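So the sequence lines, in the order shown, correspond to chains Y and X.
Sequential numbering of the first sequence, starting at 1, is according to the UniProt record's numbering.
Sequential numbering of the second sequence, starting at 1, is according to the UniProt record's numbering.
Number of protein chains: 2
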Amino acid sequence: MNIKYPNGKTFKQSDSTSKLTNKKVSYSNRGMTLEEDVSETNEYYLTNGIAVIHKKPTPIQIVKVDYPSRSAAVVREAYFKQPSTTDFNGVYKGKYIDFEAKETKNKTSIPLQNFHPHQIEHMSQVIKQQGICFVIIRFSSLGDVFFIDARHIIKCWKEMDKGGRKSIPYLFIQEVGHVIKLGYQPLLDYLKIIDEHYLND
Amino acid sequence: MNIKYPNGKTFKQSDSTSKLTNKKVSYSNRGMTLEEDVSETNEYYLTNGIAVIHKKPTPIQIVKVDYPSRSAAVVREAYFKQPSTTDFNGVYKGKYIDFEAKETKNKTSIPLQNFHPHQIEHMSQVIKQQGICFVIIRFSSLGDVFFIDARHIIKCWKEMDKGGRKSIPYLFIQEVGHVIKLGYQPLLDYLKIIDEHYLND
Chain Y
1 MNIKYPNGKT
11 FKQSDSTSKL
21 TNKKVSYSNR
31 GMTLEEDVSE
41 TNEYYLTNGI
51 AVIHKKPTPI
61 QIVKVDYPSR
71 SAAVVREAYF
81 KQPSTTDFNG
91 VYKGKYIDFE
101 AKETKNKTSI
111 PLQNFHPHQI
121 EHMSQVIKQQ
131 GICFVIIRFS
141 SLGDVFFIDA
151 RHIIKCWKEM
161 DKGGRKSIPY
171 LFIQEVGHVI
181 KLGYQPLLDY
191 LKIIDEHYLN
201 D
Chain X
1 MNIKYPNGKT
11 FKQSDSTSKL
21 TNKKVSYSNR
31 GMTLEEDVSE
41 TNEYYLTNGI
51 AVIHKKPTPI
61 QIVKVDYPSR
71 SAAVVREAYF
81 KQPSTTDFNG
91 VYKGKYIDFE
101 AKETKNKTSI
111 PLQNFHPHQI
121 EHMSQVIKQQ
131 GICFVIIRFS
141 SLGDVFFIDA
151 RHIIKCWKEM
161 DKGGRKSIPY
171 LFIQEVGHVI
181 KLGYQPLLDY
191 LKIIDEHYLN
201 D
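Shown next, in the form of structure tokens:
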């Protein structure tokens, strides 16, 4: 069942974690989506003057808008468009930051169909412009969160195009990625990885 | 009247420039909005591997979505939200680029109400993170386009809050801004100003 919290977020309570009477929510299994965790982390970064990173709004093709008198315009017909870029971008210490957040329930790999061709193309373009581009992947069944440089994702995608495998193995991500440990504030301190692996020269 | 072009853009033909029979469109008065000009410039930058700069989608609060069988989800009720950031951002030579494009028909100043408080706050945050933040302003009646560092806009905004004037004078913009000359490809080469005034050290 879903519980609405005052902050507007929906807490998806799974049967295995807690009963309704049990108010104490297990931290490692709060049922928040990866996107929500990342957005909360970004809010922390913003509030504390650490970085300015936002999620881009979902692109929508608007077909029909009503303008009722005395009230706000109402969109009456619109369709979801496929994003042409990644979901998150912003600035950290003057550097351009660009990433996508994906989660899978699979335990051994993440399907490459999680990424659109446009996103892969966008990642290549960002890297060419010396932006810092990566993907945050959560294996929700395992509870593991990884930071993987977009170059690895692009490489796997290109190999798939040549007949290679259609997913990225967990073991490969473990090998080339960096673990993002779940913290308290911020929840997912991915900028720490940027400090250690991108800005330390 | 409006003419729809194959690229989906609307060409606003003004009575003073040309008649319907006159297919030759005056370059200096093509009737394209500043936003369209900037987007076309960004497309040129992207295609030529110069920079990766996109307009963010308009943020929309979705209330009701229909899922007709066998077809795409249809948004049936949604409202426009006020953007919490500027419209354009991206990466150029590793640097974070962030800006807003505004045009006015006024000839002597641009009203500060063109900017939302959230946008002013966002610009301050970007500058703190050493991002390159600016505004492109077109005085459409005069045909002049300026590149102004966001610091000047923020300063004017703060002065307005203290009882100062509610608009930014053209003469001030002329003094502190940089002229963006209308070109052929790209249309509005604003990165040239960044090369000259931000990256030349």
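C-beta atoms are modelled at their ideal positions from N, C-alpha and C, and glycine is treated no differently.
Bear in mind that the values here come from a model prediction, so they are computed numbers and not experimental data.
Interface annotation, Y:I60: in contact with chain X, CB-CB separation under 7 Å. Neighbours of X:L191 in chain Y, taken as residues at a C-beta separation under 9 Å, are lacking, since the least C-beta distance is about 11 Å. Here the C-alpha atom of X:T33 lies approximately 12 Å from the C-alpha atom of X:I137. When only Cα atoms are considered, X:N114 and Y:S141 end up about 48 Å apart. Against chain Y, a Cβ distance below 8 Å from X:Q130 picks out V91, K93 and G94. Between X:V126 and chain Y, the shortest Cβ-Cβ separation is below 7 Å. At a cut-off of 7 Å, the C-beta of Y:V52 has a neighbouring C-beta in chain X. Scanning its chain for C-beta atoms nearer than 8 Å, with the 5 sequence neighbours on each side dropped, one finds around Y:E159 the residues R165, in chain order.
Bounds of any alpha helix (DSSP H) do not take in X:D87, whose DSSP letter is neither H nor E.
Y:H178 is bridged by DSSP to Y:F147. X:I168 sits in a strand when the DSSP states are folded into three classes. Counting along the chain, the unbroken beta strand (DSSP E) around Y:S109 starts and ends at S109 to P111. Around the beta-carbon of Y:V91, 16 or more other beta-carbon atoms lie within 10 Å, marking it buried.
Taking 7 Å as the threshold, the shortest C-beta distance from Y:V75 to chain X falls below it. Residue contact check for X:P186 against chain Y: no CB pair falls below 7 Å.
Within chain Y, the residues whose beta carbon sits less than 9 Å from that of X:L46 are Q125, listed in sequence order.
Taking 7 Å as the CB threshold, X:Y198 stays off the interface with chain Y. Counting along the chain, X:T47 sits inside the alpha helix (DSSP H) bounded by residues L34 to T47.
When the Cα atoms are used, Y:K128 and Y:S69 turn out to be separated by approximately 49 Å. For X:H116, the secondary structure class from DSSP, reduced to helix, strand or coil, is coil. Taking the Cα positions, X:N106 is about 7 Å away from X:F139.
Sixteen is the threshold: since fewer than 16 other Cβ atoms of the shown chains lie within 10 Å of the Cβ of X:A72, the residue is exposed.
For X:E40 and X:G94, the gap between their C-alpha atoms comes out near 21 Å. Residues of the segment 151–182 of chain X with a Cβ closer than 7 Å to any Cβ of chain Y: none. For Y:V74, DSSP records a beta bridge to Y:D66 and X:Y79. When secondary structure is reduced to three states using DSSP, X:I136 falls in the strand class. Residue pairing by DSSP places Y:I97 opposite Y:G90 and Y:I132 in a beta bridge. Judged by DSSP in its simplified three-state form, Y:I193 adopts helix. Against chain X, the CB of Y:P57 has a partner CB under 7 Å away; the residue lies at that interface. Under the DSSP assignment, X:I50 falls outside any beta strand (DSSP E); it carries neither an H nor an E label. Counting only Cβ-Cβ distances below 9 Å, X:Y79 has contacts in chain Y at A72, A73, V74 and V75, in chain order. Taking the Cβ atoms as the reference, Y:Y44 lies roughly 6 Å from Y:Q185, within the contact range of under 8 Å.
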